[in-house]
Amino acid sequence: MPMEEKIGVYVCECGPNIADKVDIDKVVETISSLPSVNVVERHKLLCSEDGKKFLKESIQKNELTRIVVAACSPKQHEVTFMKVCESAGINPYFFQLTNIREQCAWIIDDKEEATERTIRYIRAAIRRVLYHKALEKKEIEANPDVLVIGGGIAGLSASLLLASGDRKVYLIEKTKVVGGKVREFAKLFPRMEPCSDIISQKIKEVENNKNIEVHTDSEVSEVLGFLGNFVAKVNTSENKAIEQPSKQAIKEKGLENKELELKVGAVVVATGFDMFDPKQLPQYGYGKYDNVYTALEFEKMNAEGKILLKSGKPPKQIAIIHCVGREKVGYCSRVCCMYSLKFANYIKSKLPNVKVSHLYTDLTVPGKTYQKFYEQTKEKDVEFIRAQDIEITESNGQLTINHKGTHNPKPLNADMVILSSAITPSSDAHKLAEMLNISQGDNGFFVEEHPKLAPVSTSMEGIFITGCAQGPKNISDSIVQAQAVAGKILSSIIPGKKLELEVKTSEISEALCIGCQTCLTVCSYGAIYFDEIKRVCVVNEVLCRGCGNCVGSCPSGAASSKHFTTTQLHQEVVEALR
Amino acid sequence: MEKEFTPKIVGFLCNWCSYAGADLAGTSKLKMPPSLAVIRVMCSSRVDPVLVLRAFLRGADGVLIAGCHPGDCHYEKGNYYARRRFALLKSVVETLELDSERLQLSWVSASEGPRFQQVVTEFTEKLKKLGPNPMQEKTSM
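Chain order of the listed sequences is L and A.
Residue 125 is where the first sequence starts when you use this note's numbering, and the numbers rise one by one after that.
Residue 206 is where the second sequence starts when you use this note's numbering, and the numbers rise one by one after that.
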């Protein structure tokens, strides 16, 4: 047992919530009789201003060194009471909140049993708090600069918002130009405005922004570090001279290729997408028949001016096939129906007499504007056929689409077919995932930390995902997400302000560690490294999130989690079972 | 009349899902037998096998480990590690001549108050049938 401590126990009535269901007089009487306890008090509502004042004064008056509060869930008021402890001058970790409301008062019908259980919980908390250790807040300096990987619409949008917040942004693009796939689009759904208006404006803004340093023909080759302190290596073969040479070292690596070393506080992954290759599904005849095009090919053909068959003649009947590859990839790509409708509009405005037929399985036209766009498109004499099991054949240049339609299962003739393929993860996503230590889902897209609570963060703190790299989405949603990322970064790293680190991290005893590295393999955050000289594992407290998986895995008992040590938990268990 | 046997269960609940699920059961006023002692841990993967075995040696009639559903772990994949350790631990528990049914792993999410109630109630019923931890008698001798 640790040395003599002065323990105070405070039982909250929580108005009638606890008082009605638990015999608080009996609790106070029983706990008071324990030899280790100095003060036992009850209060009507300890989380109220009056209650907090009472608690603070009582701690100070009695010169207490350990505090137990028996009240509600720690999810509700643990932080509240820790702050009171701090203001009363004792380390906030010399405190234990035991949850007698959710775990006794509200779930145990019999008052006597609820009272007995309450006493048990308080005894366990008293025992645990005796083994608590003082923990101190830790802070580190953070670099406010940002690395953005990918110069598509998402990367550009994130860069612009970050730069407007006075952050230095390094925008790395692997192709020769920024703008991404959107550059190829003539118009945007649903307003059919010229795409160049939007993308050219963004590109110009980025190029003119002195806070953004663009590197085209460049690829990130290594990223090391953690939130606030990343070091990235970038291989670049760009020809243009960098107008303002960065302060970072530029090492010559041959005549054309250079390696840049960039120091940043956060990384944005905006690496976009690829398209499902319809050659994987031979029933569509892509690559076999002349006039079967992918969506991107058709987009390009239209942007170049004329919609023509391979023979050079204008088409008479065009079929647009939706959901190409959807079953194979296992998800709906969210934008194909809309860009397919856009294609119908392209065709009708250039060749009003061409017959356009959509073959779809399910139409995805969500939101406040898309339904109208669909209806307007339909009015332009565009046919919609619900079809399944599509198979395309050709004879004498005439394409025939055989299908099992719900209403109209007749084979359909066309001289041009456009395949609206699924959006797939970028082909080098796995390389990036490995380099950044972030996860890919079953479908290959990068996985957000939590779909609702942390939708643009990843498991690696300081690395964010946006745009189609995170999952298929339209341009508007990509921009929204890019701005969300910028917002996260602007609010989490503030110039001149240090970053507060998780206090309840793991630690590994150098004396006990046998160097087996089991902990290293179970850590999701790359927070443990192996010290080759000392032959022991070491926790990087900046990366550690305090889950304790390493502790659960350690065969030698060298790993322990602060504030959840084996001793603390064991003592709590022992007393709860007594 | 002899008082009915109420098993003593130690429940290691992960902070993010199961503890929150237990809280929800509480705020929903779902009634449960007074058998469970909740021990909050940050992640089900923190549950060191030693902690479980010590609980049995100290007379727990049952030990419950509860964490996030597969795929939902707050720490990405801690619950998968918990599951593997649990599978191994079951056989260790058998070597202590304890019925391995006394050790249970359940997934309870933050929104599953009724499921938490069900898990606790059913586990309690099961332990009532199994009777008190036989080691309790041995160690007290």
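Cβ atoms here follow ideal geometry from the backbone N, Cα and C, with glycine treated the same way.
Each of L:134, L:229, L:599 and L:467 was checked against the Cα of residue 278 (chain L), and the nearest Cα belongs to L:599. Taking 8 Å as the upper bound for CB-CB distance, residue 570 (chain L) and residue 557 (chain L) are in contact here, some 7 Å apart. Taken through DSSP and simplified to helix, strand or coil, residue 431 (chain L) comes out as coil.
As the crow flies, the alpha-carbon of residue 235 (chain A) is around 29 Å from that of residue 695 (chain L).
For residue 540 (chain L), the uninterrupted beta strand (DSSP E) run begins and ends at 540–545, by DSSP.
The residues 225 and 229, in chain order, have a CB closer than 7 Å to that of residue 141 (chain L) in the same chain once the five nearest residues on each side in sequence are set aside.
Contacts between residue 248 (chain A) and chain L, judged by CB atoms closer than 7 Å, involve 671, 672 and 673 in chain order.
Residue 255 (chain L) and residue 603 (chain L) have their alpha carbons spaced roughly 50 Å apart. Think of a sphere of 9 Å around the beta carbon of residue 208 (chain A): no beta carbon from chain L falls inside it, the nearest being about 11 Å out.
Neighbours of residue 696 (chain L) in chain A, taken as residues at a C-beta separation under 7 Å, are given in chain order as 244. Every alpha helix (DSSP H) stretch that sits fully inside the segment 214–264 of chain A and reaches 4 residues is listed by chain position as 223–232 and 254–262.
Counting the other CB atoms within 10 Å of its CB gives residue 239 (chain L) a total of 16 or more, which places it among the buried residues. With contacts defined as CB atoms closer than 7 Å, residue 393 (chain L) and residue 273 (chain L) qualify as a contacting pair. Judged by their CB atoms, residue 502 (chain L) and residue 472 (chain L) are not nearer to each other than the 7 Å cut-off. Contact between the segment 490–501 of chain L and the segment 438–456 of chain L is absent: fewer than 3 CB-CB pairs across the two stretches fall below 8 Å.
At least one C-beta of chain A is nearer than 7 Å to the C-beta of residue 241 (chain L).
Residue-level contact check: residue 407 (chain L) does not touch chain A, since none of the beta carbons of chain A fall below 7 Å from its beta carbon. Secondary structure in the segment 635–670 of chain L: the alpha helix (DSSP H) runs of 4 residues or longer, each lying completely within the stretch, are 642–646 in chain order.
Between residue 426 (chain L) and residue 310 (chain L), the C-beta gap is smaller than 7 Å, which places the two residues in contact. Nearest to residue 314 (chain L) by C-alpha distance, out of L:333, L:177 and L:498, is L:498.
Taking every protein chain shown into account, the CB of residue 301 (chain L) has fewer than 16 other CB atoms within 10 angstroms, so this residue is exposed. Under DSSP, residue 272 (chain A) forms a beta bridge with A:312. The Cβ atoms of residue 315 (chain A) and residue 226 (chain A) sit closer than 7 Å to each other.
At least one CB of chain A lies nearer than 7 Å to the CB of residue 226 (chain L). Sequence-distant partners of residue 381 (chain L) (beyond 5 residues in either direction) whose C-beta falls short of 8 Å from its own C-beta, in its chain, are 359, 360 and 361. As DSSP reads the structure, residue 167 (chain L) sits in a beta bridge with L:136. Around the beta carbon of residue 446 (chain L), 16 or more other beta carbons lie within 10 angstroms, which makes this residue buried.
Counting the other Cβ atoms within 10 Å of the Cβ of residue 566 (chain L) gives fewer than 16, which makes it exposed.
Distance from the Cα of residue 287 (chain L) is smallest, within the candidate group L:484, L:271, L:517 and L:276, for L:271. Put simply, the CB of residue 294 (chain A) is far from chain L, with every gap to its CB atoms at 7 Å or more. As the crow flies, the alpha-carbon of residue 517 (chain L) is around 8 Å from that of residue 407 (chain L).
Membership of residue 294 (chain L) in the beta strand (DSSP E) is indicated by the continuous run 293–296.
As a beta-bridge residue in DSSP terms, residue 190 (chain L) pairs with L:131.
Membership of residue 292 (chain A) in the alpha helix (DSSP H) is indicated by the continuous run 283–300. Under DSSP, the beta-bridge partners assigned to residue 481 (chain L) are L:443 and L:507. Between the alpha carbons of residue 284 (chain A) and residue 689 (chain L) lies a gap of roughly 19 Å.
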